[in-house]
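Taking our numbering, the leading residue of the sequence shown gets 14, the next gets one more, and so forth. Below: one structure, written as structure tokens.
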Amino acid sequence: MYTKLFSKPPMSEKLLSRPPFKYIFDVVIALMKATHFPEGLFTPEELDPNSYNVKWVFTCRVRK
Numbered sequence: 014m015y016t017k018l019f020s021k022p023p024m025s026e027k028l029l030s031r032p033p034f035k036y037i038f039d040v041v042i043a044l045m046k047a048t049h050f051p052e053g054l055f056t057p058e059e060l061d062p063n064s065y066n067v068k069w070v071f072t073c074r075v076r077k
């Protein structure tokens, strides 16, 4: 279904069964670029991949 919207990151069963944070981040960014949805939900800092560190990823819970 999503493969029609974007080609990277690849949608594989291995990645989808237990996706790492970076993979989820890349999928959300690809969807936003392809559809402009959910525009305005994330701040520019949240959309910057360099603003996340490993410790934060493991201790934070996504609330949006």
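Ideal Cβ placement from N, Cα and C applies to all residues, glycine included. These numbers come from a predicted model, not from an experiment.
- By the criterion of at least three beta-carbon pairs nearer than 8 Å, the stretch 44-62 is in contact with the stretch 17-31.
- For M45, the enclosing alpha helix (DSSP H) has its first and last residue at F34 to T48.
- Annotated as proximal: P62 and F38, with beta-carbon spacing under 8 Å.
- A direct Cα-Cα distance of roughly 21 Å separates F50 from L29.
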